[in-house]
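A short write-up of the structure that comes next.
Protein chains: 4
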Amino acid sequence: MTDSESGAKPGADARSRRGGKRERLVEAAVQVFHEQGVEKTTLADIARAGDVPLGNVYYYFKTKDHLVEAAVDAHCDRLTTLTARLDTLPDPADRLKTLIAGWVEQRETAARFGCPFGTLATELDKRDDGLDLAAAKVMRALLDWVERQFTELGRPDARALAVELVAAYQGMSVLTNTLRDPGLMADQGSRLQSWIDGLARP
Amino acid sequence: MTDSESGAKPGADARSRRGGKRERLVEAAVQVFHEQGVEKTTLADIARAGDVPLGNVYYYFKTKDHLVEAAVDAHCDRLTTLTARLDTLPDPADRLKTLIAGWVEQRETAARFGCPFGTLATELDKRDDGLDLAAAKVMRALLDWVERQFTELGRPDARALAVELVAAYQGMSVLTNTLRDPGLMADQGSRLQSWIDGLARP
Amino acid sequence: MTDSESGAKPGADARSRRGGKRERLVEAAVQVFHEQGVEKTTLADIARAGDVPLGNVYYYFKTKDHLVEAAVDAHCDRLTTLTARLDTLPDPADRLKTLIAGWVEQRETAARFGCPFGTLATELDKRDDGLDLAAAKVMRALLDWVERQFTELGRPDARALAVELVAAYQGMSVLTNTLRDPGLMADQGSRLQSWIDGLARP
Amino acid sequence: MTDSESGAKPGADARSRRGGKRERLVEAAVQVFHEQGVEKTTLADIARAGDVPLGNVYYYFKTKDHLVEAAVDAHCDRLTTLTARLDTLPDPADRLKTLIAGWVEQRETAARFGCPFGTLATELDKRDDGLDLAAAKVMRALLDWVERQFTELGRPDARALAVELVAAYQGMSVLTNTLRDPGLMADQGSRLQSWIDGLARP
DNA sequence: CATGAATGAGCTTTCATTCAT
DNA sequence: GATGAATGAAAGCTCATTCAT
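Okay, here's the thing in structure tokens:
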């Protein structure tokens, strides 16, 4: 749904060429990687989830790692789409609180599988082959955007606050996931929103 | 360092009976799992790291999962040892700050491989076979101990504070790891210690 | 010989598509299981006998047990083919005597490896996993067909006679095999044929 | 129970030296081989069943095959004991009918695991290493004894009748086992006893 | 472009057998 | 003699990747 808006824009046919198999594969990869982890996921799993014949996968992705890379890129795109939408809000504090609200909304999924991107990054960080850097890029993009909001709020310690917020989210995702308790994420989400309020109107 | 003290105590030979192969295997498993992740690690990797012939591993652990379980138990033991040592400090606030100091000390390792237990838990959480529950038990043990410290500090919201602290640690571990930046953990560690101070002497 | 007739019919290419590897594997499995027993037979043995790369076996059969099942099914098919051919004979007594003649013909093989199906069933019967039931199905199919012949001969005790005949065959197969004496099967075959004659024209 | 009588005889201590571990192992082997088959049975299985430490097995049996041989010998001893007891009966026909009665008595076991010796022989017959010959020896001993009874009954075709009887038993064991139907063995047992009667008093 | 089939390297696991004490 | 531990060869199975059509 998030990506369906692009249907109106020019260039969409380039993205959907070949029946959108590539897109289906990437979407499938993102989801299956989230649910099973990269290592436990076979290309056959992804092919099945994307309803693409196994042999055909290699037409779009030369290796499994290329699919992983594409999944990371997809997370990057999702983030870009999300922040673009948040940027339409006039108040930086509102943007941040809406960001948090989105996290809380997905607490059930987080309780079962963790943060879609955080767990992927954690898995890729064991590596040393460039895929870890790709993950870093996305994480930095998120930090940068959050930092910008704090800057707009007039905070000189914007970067530190950004780190604090994103770390809090990643951390509560880990706890929510490990304890299988979505309520934990709701509680911490509320706390973070109050914290934003406190920072915005001192 | 942690284990080397036992060399002076009697009873160490019980731990090292028959060359302590079991212990060596568990230690090796903990380390290699941390560095490579569970899925990417082969039993041959662990056997090599523990200097035990591959075929012999199965004398001690019937399956790979049993080794994973043993690794989780080892994390549990480490935690118990750590909190026992911290409990010798008179002031709960000092205990918590020393706990944080320990985390910060390991920031180089965290930058490269993440939190030894957090990344393991994150990987096991993709499962649904009991190993995820074992991880939860350890995480809860940490939360319980931290909660107790806040309770001793007279905080009625001790549980929420415990969750906040542990989540902050897990989150900053993820960021430190993904960004490969140990400084991040040092900064956040200082922040958390000040935060403890603020809570202890209001 | 049995299958070579299909060469003349259309539709044979469906059976032999892609070199008929699956068929070759099943045939190989039936034979090697007969000669070595299921447990002593490795998948590599079957792959070699069927001239199929070991790794490729798993494209056709997910586990060794699936191959065993396919072998049992093949025995079922063989039985169906055999009885269909016998059914073209007008006299039930002739059908039974021809059946027996077929057994006697294979006495050399029986002396070396026992009854191809009986020894398989005996091995599977140690199990409790459904493969034993598959064997029972085939045995019952044979009993049913024999019973039908006795019924056509007007015998009210057709089932008991069927059991007697099939048991006699299985038993003489065991003795022939254990004593490595094909003559034993020839003698008992003659006896059974006379016995049929005595039942048919009293 | 069958073997316990030997306790009164001299020479029993030779048999029970070393705490009877050897005997326990052989007994265990006979039973476990019967229930699981030779190939599926590990030495650890037998050691456990005989309550003997695994490492100790090799003091009594140099290889697994030696244990198999001992199991075959045990079957031979059982047969000798059994026929000796039957020989105390005055009438050869009674001896044979009592033999059959014994088979029928064990029909529940036969339904689950087949004839204890027949299934063992069938498995060993796939081999070509001397163990198959050992099995043949036992089978021949049974045939010889049965033949002697028919000879005593004045039958000139005693050998053929012996083969017929033993084959009938082996065959009905296979069917009883495969169909998991003990009733089948009871029925066929009755038939054989009537058959004996018919042969004895013509 | 598409795809079922093929391939081989590598992994987990089992087990008969041996060894040190 | 007795025994827990050790060992290595081999088995079953998985899967990323390639190929022929």
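Residue numbers (full-length UniProt numbering), protein chains in the order written: chain S, 1 to 202; chain G, 1 to 202; chain E, 1 to 202; chain L, 1 to 202.
Just so it is clear, CB atoms sit at the ideal spot from N, CA and C, and this is done for glycine as well.
Quick check: what's the CA-CA separation for His66 (chain E) versus Gly130 (chain E)? Within the third sequence, the letter at position 66 stands for residue 66 (chain E). Within the third sequence, the letter at position 130 stands for residue 130 (chain E). Between His66 (chain E) and Gly130 (chain E), the C-alpha separation is close to 11 Å.
From which residue to which residue does the alpha helix (DSSP H) around Arg78 (chain G) run? To locate residue 78 (chain G), count along the second sequence from 1; it is residue 78. Arg78 (chain G) -> alpha helix (DSSP H) spans Lys64 to Leu86.
If you count every other CB in all the chains shown that lies within 10 Å of the CB of Gly154 (chain E), and 16 or more means buried, which is it? For the purposes of this step, residue 154 (chain E) is taken as the residue at position 154 of the third sequence. The residue is exposed, with fewer than 16 neighbouring Cβ atoms inside 10 Å.
Rounded distance between the beta-carbons of Val72 (chain S) and Ala135 (chain S), thought under 8 Å: Position 135 of the first sequence holds residue 135 (chain S). Position 72 of the first sequence holds residue 72 (chain S). Contact flag correct, Cβ pair sits at about 6 Å.
Could you name the residues of the region 97–124 of chain S whose beta carbon sits closer than 7 Å to any beta carbon of chain G, in the order they occur along the chain? If the cut-off is 7 Å between Cβ atoms, the region 97–124 of chain S has Phe113, Gly114, Gly118, Thr119, Ala121, Thr122 and Glu123 near chain G.
Counting along the chain, where does the alpha helix (DSSP H) carrying Phe113 (chain S) start and finish? Residue 113 (chain S) sits at position 113 when you count from the first residue of the first sequence. Its alpha helix (DSSP H) spans residues Arg107 to Phe113.
Mind checking if Glu147 (chain G) is an interface residue toward chain S, Cβ cutoff 8 Å exclusive? Here the question's residue 147 (chain G) lines up with position 147 in the second sequence. No, because no Cβ of chain S sits closer than 8 Å to the Cβ of Glu147 (chain G).
Flag Val68 (chain G) as yes if its beta-carbon sits less than 8 Å from any beta-carbon of chain S, otherwise no. Residue 68 (chain G) sits at position 68 when you count from the first residue of the second sequence. Output row for Val68 (chain G): interface = no.
Please list the residues of the region 36–66 of chain E that have a C-beta atom closer than 9 Å to any C-beta atom in chain L, keeping them in chain order. Gln36, Gly37, Val38, Glu39 and Lys40
Would a check of beta-carbon distances place Ala186 (chain G) closer than 8 Å to chain S? Locating residue 186 (chain G) in the second sequence gives position 186, where the first residue counts as 1. Residue contact check for Ala186 (chain G) against chain S: no CB pair falls below 8 Å.
Quick one, are the C-beta atoms of Asp125 (chain G) and Thr178 (chain S) less than 8 Å apart? Counting from one through the second sequence, the residue named residue 125 (chain G) turns up at place 125. Counting from one through the first sequence, the residue named residue 178 (chain S) turns up at place 178. Yes, Cβ-Cβ distance for Asp125 (chain G) and Thr178 (chain S) is below 8 Å.
Could you give the DSSP three-state label for Pro116 (chain E): helix, strand or coil? Locating residue 116 (chain E) in the third sequence gives position 116, counting from the first residue. Helix.
Under 8 Å by beta carbon: chain E residues contacting Gly183 (chain L): Counted from its first residue, the fourth sequence places residue 183 (chain L) at position 183. The contacting residues do not exist; Gly183 (chain L) stays about 11 Å from chain E at best.
So does Leu82 (chain L) have its beta carbon nearer than 7 Å to some heavy atom of the ligand FAD? This structure does not include the ligand FAD; it has no bound ligands of any sort.
Anything in chain E within Cβ reach of Ala167 (chain L), meaning under 8 Å, just list it in chain order. Position 167 of the fourth sequence, counted from the start, is the residue given in the question as residue 167 (chain L). Chain E residues near Ala167 (chain L): Ala168, Gly171, Met172, Val174, Leu175 and Gln188.
Who are the neighbours of Ala160 (chain L) on chain E, taking C-beta pairs under 7 Å? On the fourth sequence, position 160 is the one that residue 160 (chain L) refers to. Within chain E, the residues near Ala160 (chain L) are Asp187.
Is it right to say Pro116 (chain G) is buried, meaning 16 or more other beta carbons lie within 10 angstroms of its own, or is it exposed? If you number the second sequence from 1, residue 116 (chain G) lands on position 116. Flag for Pro116 (chain G) reads buried.
Kindly list, in the order they appear in chain G, the residues whose Cβ is closer than 9 Å to that of Ala135 (chain S). Against the first sequence, residue 135 (chain S) aligns to sequence position 135. Chain-order list of chain G residues neighbouring Ala135 (chain S): Thr178, by C-beta distance under 9 Å.
How long is the line joining the alpha carbons of Arg85 (chain G) and Tyr169 (chain S), rounded to whole angstroms? By one-based count along the second sequence, residue 85 (chain G) stands at place 85. By one-based count along the first sequence, residue 169 (chain S) stands at place 169. If you take the alpha carbons of Arg85 (chain G) and Tyr169 (chain S), they lie about 30 Å apart.
Can you grab the Cα-Cα spacing for the pair Leu99 (chain L) / Ala158 (chain L), in whole Å? Indexing the fourth sequence from 1 puts residue 99 (chain L) at position 99. Indexing the fourth sequence from 1 puts residue 158 (chain L) at position 158. Taking the straight line from one Cα to the other gives about 17 Å.
Quick one: Cα of Ala14 (chain S) to Cα of Gln31 (chain S), how far? One-based indexing of the first sequence puts residue 14 (chain S) at position 14. One-based indexing of the first sequence puts residue 31 (chain S) at position 31. Residue placement at Ala14 (chain S) cannot be trusted, given a pLDDT of 38 that sits under 50; the coordinates are not used to answer.
Three or more C-beta pairs under 8 Å: does that hold for the region 91–106 of chain G against the region 100–107 of chain S? Output reads no: the region 100–107 of chain S does not touch the region 91–106 of chain G.
Can you give the Cα-Cα distance for Cys76 (chain L) and Gly50 (chain E), rounded to whole angstroms? Counting from one through the fourth sequence, the residue named residue 76 (chain L) turns up at place 76. Counting from one through the third sequence, the residue named residue 50 (chain E) turns up at place 50. Their Cα atoms are separated by approximately 40 Å.
Helix, strand or coil: how does DSSP classify Glu23 (chain E) here? Within the third sequence, the letter at position 23 stands for residue 23 (chain E). Of the three classes helix, strand and coil, the one that applies to Glu23 (chain E) here is helix, per DSSP.
Quick one: is Val163 (chain G) near chain S, going by C-beta distance under 8 Å? Along the second sequence, one-based indexing puts residue 163 (chain G) at 163. The beta carbon of Val163 (chain G) falls within 8 Å of a beta carbon belonging to chain S, placing the residue at that interface.
Taking a contact to mean a Cβ-Cβ separation below 8 Å, would you say Arg24 (chain L) touches Val57 (chain L) in this structure? Here residue 24 (chain L) refers to the residue found at position 24 of the fourth sequence. Here residue 57 (chain L) refers to the residue found at position 57 of the fourth sequence. Not closer than 8 Å, so no.
Can you tell me whether DSSP reads Asp157 (chain E) as helix, strand or coil? Walking along the third sequence from the start, residue 157 (chain E) turns up at place 157. Secondary structure at Asp157 (chain E): coil, using DSSP grouped into helix, strand and coil.
Which chain L residues sit within Cβ distance under 8 Å of Arg140 (chain E)? In the third sequence, the residue the question calls residue 140 (chain E) occupies position 140. Chain L residues near Arg140 (chain E): Leu179.
Within chain S, the residues that Lys21 (chain G) reaches when beta carbons sit closer than 8 Å: Within the second sequence, the letter at position 21 stands for residue 21 (chain G). Near Lys21 (chain G) there are no residues of chain S at all, since even the closest Cβ is about 26 Å away, more than 8 Å.
For Ser194 (chain L), decide whether its Cβ has a neighbour in chain E, counting only Cβ atoms nearer than 8 Å. Here residue 194 (chain L) refers to the residue found at position 194 when the fourth sequence is read from its first residue. No, its Cβ sits nowhere closer than 8 Å to a Cβ of chain E.
Residue range of the unbroken alpha helix (DSSP H) whose run includes Asp144 (chain L): Position 144 of the fourth sequence holds residue 144 (chain L). First-last of the alpha helix (DSSP H) with Asp144 (chain L): Leu131 to Glu152.
Going by C-alpha distance, which of L:Arg191, L:Gly37 and L:Leu161 is nearest Gln188 (chain E)? Translated into the one-based positions of the third sequence, residue 188 (chain E) becomes position 188. Nearest of L:Arg191, L:Gly37 and L:Leu161 to Gln188 (chain E), Cα basis: L:Leu161.
Do you know offhand how far Thr80 (chain L)'s Cα is from Pro92 (chain E)'s? Your numbering for residue 80 (chain L) matches position 80 in the fourth sequence. Your numbering for residue 92 (chain E) matches position 92 in the third sequence. So the two alpha carbons sit approximately 44 Å from each other.
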